[in-house]
Amino acid sequence: DGGITQSPKYLFRKEGQNVTLSCEQNLNHDAMYWYRQDPGQGLRLIYYSQIVNDFQKGDIAEGYSVSREKKESFPLTVTSAQKNPTAFYLCASSPRPLADTQYFGPGTRLTVL
Amino acid sequence: AQSVTQPDIHITVSEGASLELRCNYSYGATPYLFWYVQSPGQGLQLLLKYFSGDTLVQGIKGFEAEFKRSQSSFNLRKPSVHWSDAAEYFCAGFTGTASKLTFGTGTRLQVTL
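Protein chains in written order, with this note's numbering: chain A, 1 to 113; chain B, 1001 to 1113.
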């Protein structure tokens, strides 16, 4: 089955630690996205990538980093510089960059202890 | 700023009753609009989308939405709600080939038996 996978589903980290969230897609989509979801705030765009080896900051990129070395993979690193990292993180992909339908993975819930 | 607005944070309906969830948009040009549904702790599932053409759009799970330019609205409807429809619903949109997808803050639907 084609789709988007995110791992792990739940992640706990101590303050001051970096942590990497995985996102893989086998839909052959060009573009991939990372969103952060907090209660009552909808989804906010962190980073997006339109093509391999290229990515752009979204609306809330501070404290996060990404890479896009392979078309199917777009990992997100939450660094210790992110002031309030506890949230639900969603990865998405679309056939073409930006102006196209986005499809979402199941999400990763990150809790900072 | 270009945006979508969901005026209702929480709606409760009885099983078997009809449903309408409101979405208003603010874009200079004709937008591309989407409705997604999210069950607790899960990712977003695409219900339907409007890109152009017929203003009444049919989606999955018996949902439909109508694009009304005169009212800047894209309301989601279902004639008879099932208990399994209880979830959070997000309206989203973009305009133009280089714009990012923006989300409303969501409407939580509760279904009473």
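We put the beta carbon where it would ideally sit given N, CA and C, even for glycine.
1) Report, in whole angstroms, the separation of the C-beta atoms of A:Gly105 and A:Thr79, which I expect to be a contact under 8 Å.
2) For the beta strand (DSSP E) that contains A:Leu113, what are its first and last residues?
3) Could you name the residues that DSSP lists as bridge partners for A:Cys23?
4) State yes or no: is the C-beta of A:Asn31 within less than 8 Å of the C-beta of A:Ser73?
5) Using a Cβ cut-off of 9 Å, pull out every chain A residue sitting near B:Phe1090, in sequence order please.
6) Can you tell me which of the three DSSP states B:Arg1077 falls into?
7) Name, going along the chain, the residues of the stretch 90–107 of chain A whose beta-carbon falls closer than 7 Å to a beta-carbon of chain B.
8) Going by DSSP, which residues form a beta bridge with A:Leu11?
9) Look up B:Asp1085 in the DSSP assignment and say whether it is helix, strand or coil.
10) Which chain A residues sit within Cβ distance under 8 Å of B:Lys1061?
11) Considering only DSSP beta bridges, list what A:Ser73 is partnered with.
12) Under 8 Å: do the stretch 1069–1087 of chain B and the stretch 1018–1031 of chain B share three or more Cβ pairs, one atom per stretch?
13) When you compare each of A:Phe55, A:Ile60, A:Val66 and A:Lys9 to B:Gly1043 by their alpha carbons, which one comes out closest?
14) Is the stretch 20–36 of chain A close to the stretch 81–93 of chain A, with three or more CB pairs under 8 Å?
15) Using a cut-off of 8 Å between C-beta atoms, extract the partners of B:Phe1094 located in chain A.
16) Do you know how far the Cα of B:Thr1005 is from the Cα of B:Thr1095?
17) Spell out whether any CB of chain A is found under 8 Å from the CB atom of B:Gly1104.
18) Would you say B:Ser1026 lies against chain A (beta-carbon separation less than 8 Å)?
19) Flag this pair as yes or no: are the beta carbons of B:Gly1106 and B:Ala1092 separated by less than 8 Å?
Inspection of the coordinates gives the following:
1) Here the question's residue 105 of chain A lines up with position 105 in the first sequence. Here the question's residue 79 of chain A lines up with position 79 in the first sequence. That belief does not hold up - the Cβ atoms of A:Gly105 and A:Thr79 are roughly 21 Å apart, past 8 Å.
2) For this step, residue 113 of chain A is matched to residue 113 along the first sequence. First-last for A:Leu113: undefined, no H or E at that position.
3) In the first sequence, the residue the question calls residue 23 of chain A occupies position 23. Per DSSP, the beta bridge partners of A:Cys23 are A:Gln6.
4) Numbered from 1 along the first sequence, position 31 holds the residue referred to as residue 31 of chain A. Numbered from 1 along the first sequence, position 73 holds the residue referred to as residue 73 of chain A. In the sequence as displayed, the identity of residue 31 of chain A is Ala instead of Asn. No.
5) Counting from one through the second sequence, the residue named residue 1090 of chain B turns up at place 90. What B:Phe1090 touches in chain A: Gly42 and Leu43.
6) Here residue 1077 of chain B refers to the residue found at position 77 when the second sequence is read from its first residue. B:Arg1077 falls in the strand class under three-state DSSP.
7) Residues are counted here when their Cβ sits less than 7 Å from a Cβ of chain B; for the stretch 90–107 of chain A these are Leu90, Leu98, Ala99, Thr101, Gln102, Tyr103, Phe104, Gly105, Pro106 and Gly107, given in chain order.
8) Against the first sequence, residue 11 of chain A aligns to sequence position 11. Answer is A:Leu110, bridged to A:Leu11.
9) Locating residue 1085 of chain B in the second sequence gives position 85, counting from the first residue. Note: B:Asp1085 maps to helix in three-state DSSP.
10) Counted from its first residue, the second sequence places residue 1061 of chain B at position 61. For a Cβ distance threshold of 8 Å, nothing in chain A lies close to B:Lys1061: the least Cβ distance comes to about 16 Å.
11) Here residue 73 of chain A refers to the residue found at position 73 of the first sequence. Per DSSP, A:Glu24 and A:Lys70.
12) Flag = yes, the stretch 1069–1087 of chain B and the stretch 1018–1031 of chain B touch.
13) Here residue 1043 of chain B refers to the residue found at position 43 when the second sequence is read from its first residue. The residue with the shortest Cα to Cα distance from B:Gly1043 is A:Lys9.
14) Flag = yes, the stretch 20–36 of chain A and the stretch 81–93 of chain A touch.
15) In the second sequence, counting from the first residue as 1, residue 1094 of chain B sits at position 94. Listed along chain A are Leu98 and Ala99, each with a C-beta nearer than 8 Å to that of B:Phe1094.
16) Walking along the second sequence from the start, residue 1095 of chain B turns up at place 95. Walking along the second sequence from the start, residue 1005 of chain B turns up at place 5. In a straight line, the C-alpha of B:Thr1095 is about 15 Å away from that of B:Thr1005.
17) Along the second sequence, read from residue 1 onward, the residue named residue 1104 of chain B stands at position 104. It does; some Cβ of chain A falls within 8 Å.
18) Here residue 1026 of chain B refers to the residue found at position 26 of the second sequence. Residue-level contact check: B:Ser1026 does not touch chain A, since none of the beta carbons of chain A fall below 8 Å from its beta carbon.
19) Taking the first residue of the second sequence as position 1, residue 1106 of chain B is located at position 106. Taking the first residue of the second sequence as position 1, residue 1092 of chain B is located at position 92. No.
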